[in-house]
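Enquirer: In order, the protein sequence lines correspond to chains A and B. Under our numbering, the first residue of the first sequence carries the number 254, and numbering increases by one thereafter. Under our numbering, the first residue of the second sequence carries the number 11, and numbering increases by one thereafter. My questions all concern the structure below.
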Amino acid sequence: MIDEPEFTEPLARELCGTMPVHRRLLNESMAYRAQRSAIENQATQYRLGGRRISRSGTISIPVVVHVVHNTDEQNISDGQIYSQIEILNQDFRAANPDVTQVPPVWQPLVADTMIEFHLATRNPNGDPTDGIIRVRTTRSSFSHHDDAVKSSATGGADPWPSDQYLNMWVCQLRGGLLGYAQFPGGPPDTDGVVIRHSAFGNMGTVAQPFHLGRTATHEVGHWLNLYHIWGDDGQGCSGDDKVADTPNQGGGNTGMPTFPHISCNNGPNGDMFMNYMDYTDDAGMMMFTTGQSTRMNACLEGPRASFLIPQLARVGGPEERTVAAASAGGPRVSGNGSQRELEQLLQEVLKDTRAALSVISGSR
Amino acid sequence: MNEEAPDIVGAWLHAYEEDTDTTAVYHPEDYPFRPSRRPRRGMDFHADGTFVEWVPGPDDRPREVAGRWARQETDRIRVTFPEGQGEPFDLTVVSREGDTLSFARGERQ
Ligand SMILES: [Zn+2]
C-alpha cells in the first residue's frame, strides 16, 4: 500500500488540467437534464391523452450494424444480423410466436407498436449499402464505462448520423454485460445501442439463456425512451416507469419467474415479468404494453422525429424519389394516414423541434 | 504499511453467482464473467484513495458514483461519498487470492 502524500502533488496538477473538462461535462449534464425534462413533458401529454399519436401506418427505421471484432468468431455472419432484424420486427409488431404465453389477464395489453426496422440501403452519402460495417479492432473487449466502441479513434466504429440511422454496435463486452443503450436527448455522436455479439440474433455465436435476440429488443426500447418496468429504484416500490398500464413492481426479475410473482402489494397478478423491459431471460420476455407503445411513438413524434420527417415528406408528393434519396436511404412510412394528418403531425413535430432547440441553446 | 493487509487496489466486479452465505465474491473487471442481464455492480479502488462505485443505470450502463476509500484496520475498509452521492459504508475483506477478492456479505453484498 502506498501512502497518499506521494500522490498529492501530481494529483493537484492533474486536477487543474481537468477543470475545464469537468466544467464542460457539468454544463453538458445540465443541458442533458433540461433535454430529458422537455422530452418527459412531451411524453406526458401523450400519456394523459392530451395528444394522440398522429401516425396510423407503420414506420420502418433504418439500422446500421457496426460489427467491431477482435476475433473471427466475433465477426458475426450476415445471417446472424438478419436474424436480429427479423426478431426486432416480430417483437415490435407483436408478431412473435411466443406472445401467446402472455398470461390471459394481460393479453389485452399486448401492443403492436407499428414500428419496424430494416438494414439501411443507402449510406450517408446516398450510395447503396447493405447496412453492415465490419471493423477489426485490437481491443479484446470493450469496457462498460466508456464508449470506445463508438469511435474509430478508440478502436471502435464511428456512428452514421444518429438522426437518420439507428446505430447498433456489436462487440465483445467486458464484465458479462449484455448490452446498453442511450436515451433520446443524449449526445448525437454516441447515440444508439451496444449489444454483446453472443446475445445478438438467434444463431451463430449466441449463447443461452440470451439466445433469442431480446437484448436488442430491450435496448431499442430504451432508445425509444422506455424505462425499466420496475422504475429503476432498486428493490423499492416508489419507482415509476412513466407508463400507466404496467403494474408497480419491486425490483427487476431475472431468470424465468413463474406467474404470478407478487411484489409491492401488486396482487393478484403481480409483476409483469414477461415484459421486454424487465430483466428476465430471453425466453421469459414477450410483450410491450399499449402504454409503452404510446411512449415509444411519442418519442418518434418528438425527440426522434427526424426518423418520421423524411417519410412524411415522401408520402404522395412527386418529389418523393428525390426526397427519399436525400434521406439517406431512410425510413419508410406506409399505411393509410391521410395527407392532412401527416401535415398536421409535421407541424407539431417542427414545433417540438424548435422548442427542444431553444432548451439546448438556453441552457448553454 | 501493513504486510497482512490484502491489496485491493483495482477495479472489481461482483460475481454474484459465486457468493456464499457469508461472502460476496469479486473478480477483476477483465475477468471472463458469465453474461448477466442485470449489470454487475463494481468497485474501483484507486491507489490515491479515490473510489468509484458502479451501480446499474436506467440504460443498463453502469453509472459511476465517485467517493473515497480508506483502510481502517487490516481488513476493514471505509468508503465515503464526500459529494453527498451516497451513504458511507464499511467493507470487511475476507481474502484476496489471485483474481478473487472476497468481502464479508453486508449492505453492499
Ligand atoms: Zn435496460
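Built from N, CA and C at the ideal position, the CB exists for glycine as well.
1) Which whole-angstrom value describes the C-beta separation of arginine 71 (chain B) and glycine 59 (chain B), a residue pair presumed to lie in contact below a C-beta threshold of 8 Å?
2) Considering only residues of the same chain and omitting the five flanking positions on each side of glycine 492 (chain A), which have a CB-CB separation below 7 Å?
3) Taking any heavy atom of ligand 1 as the mark, which residues have a C-beta closer than 6 Å to it, listed down the chain?
4) Report the neighbours of glutamine 435 (chain A) on chain B: residues whose CB is nearer than 7 Å to its CB, in chain order.
5) Below 8 Å, can you find three or more Cβ-Cβ pairs linking the stretch 364–382 of chain A to the stretch 323–339 of chain A?
6) Comparing C-alpha positions only, which one of A:Pro521, A:His475, A:Gly555 sits nearest to aspartate 69 (chain B)?
7) Span of the beta strand (DSSP E) holding phenylalanine 560 (chain A)?
8) Can you tell which of A:Val352, A:Gln564, A:Gly555 has the C-alpha that lies nearest to the C-alpha of arginine 304 (chain A)?
9) Can you find at least 3 beta carbon pairs, one from the stretch 424–436 of chain A and one from the stretch 391–406 of chain A, that sit closer than 8 Å?
10) Would you tell me roughly how many angstroms separate the C-alpha atoms of aspartate 31 (chain B) and tryptophan 22 (chain B), rounded to the nearest one?
11) Per DSSP, threonine 60 (chain B) forms a beta bridge with which residues?
12) Note down the Cα distance separating glutamate 573 (chain A) from arginine 50 (chain B), rounded to an integer number of angstroms.
13) Please confirm whether serine 46 (chain B) has its beta-carbon closer than 8 Å to some beta-carbon of chain A.
14) Would you say phenylalanine 99 (chain B) lies against chain A (beta-carbon separation less than 8 Å)?
15) Return the residue from the list A:Ser313, A:Ile338, A:Ile329 that minimises the CA-CA distance to valine 320 (chain A).
16) Going along chain B, which residues have a C-beta under 9 Å from glutamate 472 (chain A)?
17) Could you check how far apart the C-beta atoms of alanine 364 (chain A) and valine 388 (chain A) are, in whole angstroms? I think they sit under 8 Å.
18) Going by CA-CA distance only, name the one from B:Ser112, B:Val104, B:Arg73 that's closest to histidine 398 (chain A).
19) Kindly give me the distance between the Cβ atoms of phenylalanine 560 (chain A) and isoleucine 338 (chain A), rounded to whole angstroms, as I take these residues to be in contact under 8 Å.
20) Do leucine 301 (chain A) and aspartate 498 (chain A) have their beta-carbon atoms positioned less than 8 Å apart in this structure?
21) Less than 8 Å between CB atoms is the rule here; does leucine 449 (chain A) satisfy it with respect to chain B?
22) Distance cutoff 8 Å, beta carbons only. Does phenylalanine 91 (chain B) sit that close to anything in chain A?
23) Cα separation between glycine 504 (chain A) and proline 513 (chain A)?
24) Looking at C-alpha atoms only, which residue of A:Pro437, A:Thr511, A:Met530 is the closest neighbour of asparagine 522 (chain A)?
25) Near arginine 106 (chain B), what residues of its chain come up, given a Cβ to Cβ distance below 8 Å and the 5 sequence neighbours on each side ignored?
26) Give me whichever residues DSSP pairs with aspartate 100 (chain B) in a beta bridge.
27) If we call anything under 8 Å between Cβ atoms a contact, is alanine 558 (chain A) one with leucine 465 (chain A)?
28) Pairs of beta-carbons, one from the stretch 427–436 of chain A and one from the stretch 447–457 of chain A, closer than 8 Å: are there three or more?
29) Compare the Cα-Cα distances from leucine 479 (chain A) to each of A:Arg548, A:Gly310, A:Asp524, A:Ile386 and report the closest residue.
30) Run through DSSP, which three-state label would serine 415 (chain A) get?
31) Would you say arginine 427 (chain A) lies against chain B (beta-carbon separation less than 8 Å)?
32) When we look at the beta-carbon of glutamate 27 (chain B) and count the other beta-carbons within 10 Å, is it buried (16 or more) or exposed?
33) Is it buried or exposed for methionine 530 (chain A), if we count other Cβ within 10 angstroms and need 16 for buried?
34) Run the CB neighbour count on aspartate 383 (chain A), radius 10 Å, all protein chains shown included, and call it buried at 16 or more, exposed below.
35) Does any residue of chain E have a CB that is nearer than 8 Å to the CB of aspartate 40 (chain B)?
Expert: The answer reads as follows:
1) Looking up residue 71 (chain B) in the second sequence gives position 61. Looking up residue 59 (chain B) in the second sequence gives position 49. Distance from arginine 71 (chain B) to glycine 59 (chain B) at the Cβ level is roughly 26 Å; contact not present, criterion being Cβ atoms closer than 8 Å.
2) Working through the first sequence from its first residue, we reach residue 492 (chain A) at position 239. So the qualifying residues of the chain are Trp483, Gly484, Asp485, Asp486.
3) In chain order, the residues that have a beta carbon nearer than 6 Å to some heavy atom of ligand 1 are A:His471, A:His475, A:His481, B:Asp70.
4) Reading the first sequence from its first residue, position 182 is the one you call residue 435 (chain A). Those are Asp69, listed as they occur along chain B.
5) Contact between the stretch 364–382 of chain A and the stretch 323–339 of chain A is present, because at least three Cβ pairs lie under 8 Å.
6) On the second sequence, position 59 is the one that residue 69 (chain B) refers to. Here the closest residue by C-alpha is A:His475.
7) Position 307 of the first sequence holds residue 560 (chain A). DSSP places phenylalanine 560 (chain A) outside any beta strand (DSSP E), giving it a letter other than H or E.
8) Along the first sequence, one-based indexing puts residue 304 (chain A) at 51. Among A:Val352, A:Gln564, A:Gly555, the Cα nearest to that of arginine 304 (chain A) belongs to A:Gly555.
9) Touching, yes.
10) Along the second sequence, read from residue 1 onward, the residue named residue 31 (chain B) stands at position 21. Along the second sequence, read from residue 1 onward, the residue named residue 22 (chain B) stands at position 12. When rounded, the distance between both Cα atoms is 20 Å.
11) Residue numbering aside, residue 60 (chain B) sits at position 50 when the second sequence is read from its first letter. The bridge partners DSSP lists for threonine 60 (chain B) are B:Arg78.
12) For this step, residue 573 (chain A) is matched to residue 320 along the first sequence. For this step, residue 50 (chain B) is matched to residue 40 along the second sequence. Confidence at glutamate 573 (chain A) is low in this model, with a pLDDT of 34, below 50, so its placement is unreliable and the value that follows should be read with caution. Cα to Cα, glutamate 573 (chain A) sits roughly 48 Å from arginine 50 (chain B).
13) Residue 46 (chain B) sits at position 36 when you count from the first residue of the second sequence. For serine 46 (chain B), the closest Cβ of chain A is nearer than 8 Å.
14) Within the second sequence, residue 99 (chain B) is the residue found at index 89, counting from 1. No - not a single Cβ of chain A is within 8 Å of the one on phenylalanine 99 (chain B).
15) The residue you call residue 320 (chain A) lines up with position 67 of the first sequence. Here the closest residue by C-alpha is A:Ile329.
16) As a position in the first sequence, residue 472 (chain A) is number 219, starting the count at 1. Ordered by position in chain B, the residues that pass the 9 Å Cβ test against glutamate 472 (chain A) are Asp69, Asp70.
17) On the first sequence, position 111 is the one that residue 364 (chain A) refers to. On the first sequence, position 135 is the one that residue 388 (chain A) refers to. Between valine 388 (chain A) and alanine 364 (chain A) the Cβ distance is about 36 Å, and since that is not below 8 Å, they are no contact.
18) Taking the first residue of the first sequence as position 1, residue 398 (chain A) is located at position 145. Cα-wise, what sits closest to histidine 398 (chain A) is B:Arg73.
19) By one-based count along the first sequence, residue 560 (chain A) stands at place 307. By one-based count along the first sequence, residue 338 (chain A) stands at place 85. The beta carbons of phenylalanine 560 (chain A) and isoleucine 338 (chain A) sit about 16 Å from each other, so the pair does not count as a contact at 8 Å.
20) Sequence index remark: in the first sequence, residue 498 (chain A) carries index 245 (1-based). Sequence index remark: in the first sequence, residue 301 (chain A) carries index 48 (1-based). No, Cβ-Cβ distance for aspartate 498 (chain A) and leucine 301 (chain A) is not below 8 Å.
21) Counting from 1 along the first sequence, the entry for residue 449 (chain A) is found at position 196. Sequence check: residue 449 (chain A) is arginine here, not leucine. At least one chain B Cβ lies under 8 Å of arginine 449 (chain A).
22) Position 81 of the second sequence, counted from the first residue, corresponds to residue 91 (chain B). Against chain A, the CB of phenylalanine 91 (chain B) has no partner CB under 8 Å away; the residue lies outside that interface.
23) Start at 1 with the first residue of the first sequence, and residue 504 (chain A) comes out as number 251. Start at 1 with the first residue of the first sequence, and residue 513 (chain A) comes out as number 260. Distance from the CA atom of glycine 504 (chain A) to the CA atom of proline 513 (chain A), rounded to whole angstroms, is 15 Å.
24) On the first sequence, position 269 is the one that residue 522 (chain A) refers to. Here the closest residue by C-alpha is A:Thr511.
25) On the second sequence, residue 106 (chain B) is found 96 positions in, with the first residue counted as 1. Excluding its 5 nearest sequence neighbours in each direction, arginine 106 (chain B) has C-beta neighbours in its own chain below 8 Å: Pro16, Asp17, Ile18, Ser112, listed in chain order.
26) Residue numbering aside, residue 100 (chain B) sits at position 90 when the second sequence is read from its first letter. In the DSSP output, where bridge partners are listed per residue, aspartate 100 (chain B) has B:Arg88.
27) One-based indexing of the first sequence puts residue 558 (chain A) at position 305. One-based indexing of the first sequence puts residue 465 (chain A) at position 212. In this structure, leucine 465 (chain A) does not lie closer than 8 Å to alanine 558 (chain A) by Cβ.
28) Taking 8 Å as the limit for Cβ pairs, the verdict is that the stretch 447–457 of chain A does touch the stretch 427–436 of chain A.
29) Numbered from 1 along the first sequence, position 226 holds the residue referred to as residue 479 (chain A). The option with the nearest alpha carbon to leucine 479 (chain A) is A:Arg548.
30) Counting from one through the first sequence, the residue named residue 415 (chain A) turns up at place 162. DSSP places serine 415 (chain A) in coil when its eight states are reduced to three.
31) On the first sequence, position 174 is the one that residue 427 (chain A) refers to. Interface annotation, arginine 427 (chain A): in contact with chain B, CB-CB separation under 8 Å.
32) To locate residue 27 (chain B), count along the second sequence from 1; it is residue 17. With a 10 Å radius around the Cβ and a threshold of 16 neighbouring Cβ atoms, glutamate 27 (chain B) comes out exposed.
33) Start at 1 with the first residue of the first sequence, and residue 530 (chain A) comes out as number 277. Buried.
34) As a position in the first sequence, residue 383 (chain A) is number 130, starting the count at 1. Aspartate 383 (chain A) is classed as exposed because its beta carbon has fewer than 16 other beta carbons within 10 Å across all chains shown.
35) No chain E appears in this structure, whose protein chains are A and B.
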